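Under our numbering, the first residue of the sequence shown carries the number 5, and numbering increases by one thereafter. Cβ atoms here follow ideal geometry from the backbone N, Cα and C, with glycine treated the same way. Values in this document were obtained by computation on a predicted structure and should not be read as measured data.
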Amino acid sequence: MQVNLPENIRACRKSHGLTQERLAETLGVTVGAVSKWEAGLSTPELSLIVDMADLFETSVDVLLGYDWKGGNMGATLERLETLHREKQYDEAQREAEKAVKKYPNCFDIVYRSALICADRGTACRDKKASRRALELFDRACGLVEQNRDETVSELSIRNRMAQTHLWLGNTQKCLDILKRNNLCGINNARIGLVLADGYHRTEEAAPYLSKALRQCLEDMESILMGYASVFFCRRDYQAIVDSFLWQRQIFRGNEPADKPVWFDKYDCILLEICAEGCLMMGKRDEAHDYLKEAAEIALRFDRTPVERISPVGLFGTLGITDQPHYDQYGKTAMDVLQWRIDADADGIPGLRTLWTQVQKEVD
């Protein structure tokens with residue numbers, strides 16, 4: 005068993021907006037004593053630990069921060085995880101209730117039990133299990149300082165509660181939670197869905213859905229650019245080509261190939277990267293075709309008056325102009341293409357020579 009008292013005193017103090025001086029004054033000790041506690045150089049008396057737990061509105065065991073290595077609690081948690089993973093919901097919930105009674109202030113136990121109840125509720129159409137999940141999720145929020153899983157936070161737990169409320173038919177509670185916990189627009193898509201589908205408040209829903217779609221666009225581009233680097237390091241150059249051809253199909257949709265759209269600026273980048281992948285595979289002719297297509301799209305785009313360039317069909321239908329998004333890549337499409345080639349030419353043998361050839365062909 006490991007105790008994380010020094011770290012927890014410091015974290016609780018800061019979360020409550022207290023300085024070491026203020027905490028020392030409240031407890032009737034010296035600032036040096038508090039400093040030593042937080043540095044792990046000394047341990048406060050039990051009565052002071054109890055006083056701090058009351059001050060920080062938590063329990064003594066949470067403040068101590070038990071981190072069990074094995075033992076009964078570790079074995080219990082492992083069993084709960086196994087039953088949950090195998091979807092043995094009846095037995096999992098029975099074991100979860102026993103575990104919560106035995107370890108009521110262990111975040112991992114309480115949170116896992118909440119997940120079990122929530123999943124049992126939806127899988128087995130058991131609203132009682134779902135309501136129990138809400139109780140346990142709320143308790144887990146009070147213990148979240150123990151959490152060591154970077155993928156879990158009070159925000160994620162509250163949003164999971166919103167999902168459970170929606171399943172129970174508590175639409176307004178779901179919406180209230182999603183809005184209160186919409187950090188950086190993380191819940192825009194779900195808020196838009198609830199407003200449109202649950203309340204038919206379409207005009208109110210549309211801005212949320214629009215913001216969510218824009219974020220989805222940016223995330224997709226970041227994800228596939230990241231994967232391009234992954235595939236390049238793995239020397240899986242065909243995967244680079246396949247992933248960017250797929251992205252082209254998704255984002256351009258059914259728009260005619262000769263219709264200038266704002267996506268063309270980014271399309272030049274996708275085609276140029278496809279050319280890079282082909283060069284690395286020794287497929288120079290295919291690389292030439294991709295690079296030439298990119299150059300032709302760039303020239304056509306740059307020669308088209310701005311007022312005649314359209315959003316991609318889907319975005320236009322939804323009232324979203326993607327011009328500002330794609331303008332970030334460069335003033336003109338040819339600028340974007342040239343920038344990309346200059347950035348990668350030293351690492352891609354033959355790219356600059358091929359680009360010089362293509363420029364002569366399209367001029």
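Local Cβ density within 10 Å of residue i, reported as buried at 16 or more and exposed below that
i              : result
glycine 257    : exposed
valine 245     : buried
cysteine 272   : buried
isoleucine 324 : buried
tyrosine 203   : exposed
leucine 322    : exposed
lysine 335     : exposed
aspartate 326  : buried
histidine 20   : exposed
asparagine 76  : exposed
aspartate 153  : exposed
arginine 17    : buried
valine 366     : exposed
isoleucine 227 : exposed
arginine 129   : exposed
arginine 312   : exposed
alanine 133    : buried
lysine 91      : exposed
aspartate 254  : According to the sequence provided, residue 254 is isoleucine. The question's aspartate does not apply to it. Classification for isoleucine 254: exposed.
glutamine 332  : exposed
leucine 45     : exposed
glutamate 208  : exposed
methionine 224 : exposed
glutamine 361  : exposed
methionine 5   : Note that methionine 5 has pLDDT 43, beneath the 50 cutoff, so the model's placement of it is unreliable and no number is given.
glutamate 11   : exposed
glutamine 176  : exposed
alanine 298    : buried
alanine 347    : exposed
arginine 98    : exposed
arginine 164   : buried
Residue i vs residue j beta-carbon contact at 9 angstroms
i                 : j                 : result
glutamate 368     : arginine 124      : Any answer about residue 368 is impossible in this case: the structure gives the chain only from 5 up to 367.
tyrosine 330      : phenylalanine 267 : yes
leucine 147       : cysteine 121      : no
glutamate 259     : glycine 317       : yes
alanine 118       : phenylalanine 141 : yes
glutamate 149     : glycine 69        : yes
glutamine 24      : glutamate 49      : no
glutamate 276     : arginine 344      : yes
leucine 187       : leucine 213       : no
methionine 56     : leucine 87        : no
alanine 337       : leucine 303       : yes
phenylalanine 319 : leucine 217       : yes
asparagine 52     : phenylalanine 60  : Looking at the sequence itself, residue 52 is leucine, so the reference to asparagine does not match. No, they are not a contact pair.
proline 131       : leucine 172       : It should be pointed out that residue 131 corresponds to lysine in this sequence rather than to proline. Yes, Cβ-Cβ distance for lysine 131 and leucine 172 is below 9 angstroms.
leucine 22        : threonine 47      : no
isoleucine 181    : arginine 205      : no
leucine 179       : isoleucine 195    : yes
asparagine 192    : asparagine 185    : no
lysine 269        : valine 340        : yes
glutamine 242     : leucine 274       : no
arginine 143      : valine 114        : yes
proline 315       : valine 265        : yes
Residue i, enclosing alpha helix (DSSP H) - first and last residue
i             : result
tyrosine 333  : Counting along the chain, tyrosine 333 falls outside any alpha helix (DSSP H), and DSSP gives it neither H nor E.
glycine 317   : 317-321
asparagine 12 : 9-19
arginine 124  : 111-127
alanine 302   : 288-307
arginine 98   : 93-106
glutamate 365 : 355-366
The ligand MN heavy atom lying under 8 angstroms from the CB of residue i
i              : result
asparagine 191 : Summarising the ligand content, the structure contains no ligands, and the ligand MN is consequently not present.
Original post:
With a cut-off of 8 angstroms, do at least 3 Cβ pairs link the stretch 98-110 to the stretch 74-89?
Top reply: Two segments are said to touch when three or more pairs of C-beta atoms, one from each, lie closer than 8 angstroms; by this definition the stretch 98-110 touches the stretch 74-89.
Subject >> Segment contact flag, the stretch 168-185 with the stretch 129-144, C-beta cutoff 8 angstroms, min 3 pairs >> reply: The answer is yes - the stretch 129-144 touches the stretch 168-185, with three or more Cβ pairs under 8 angstroms.
**OP:** May I ask you to verify whether the stretch 274-292 touches the stretch 341-356, counting CB pairs closer than 8 angstroms and requiring at least 3?
**Re:** The stretch 274-292 is in contact with the stretch 341-356.
**OP:** Could you say if the stretch 231-239 and the stretch 287-295 meet the contact criterion of at least three C-beta pairs nearer than 8 angstroms?
**Re:** Contact between the stretch 231-239 and the stretch 287-295 is absent, because fewer than three Cβ pairs lie under 8 angstroms.
Subject >> In chain order, each alpha helix (DSSP H) run of at least 4 residues that lies wholly inside the stretch 24-70 >> reply: Listed in chain order, the complete alpha helix (DSSP H) runs (minimum 4 residues) inside the stretch 24-70 are 24-31, 35-43, 50-59, 64-68.
**OP:** Could I get the ranges of all uninterrupted alpha helix (DSSP H) runs contained in the stretch 231-278, with 4 residues as the minimum, in chain order?
**Re:** As far as the stretch 231-278 is concerned, its whole alpha helix (DSSP H) runs of at least 4 residues are 241-256.
Subject >> Inside the stretch 130-213 only - beta strand (DSSP E) runs reaching at least 3 residues >> reply: Runs of the beta strand (DSSP E) lying entirely within the stretch 130-213, each at least 3 residues long, are absent.
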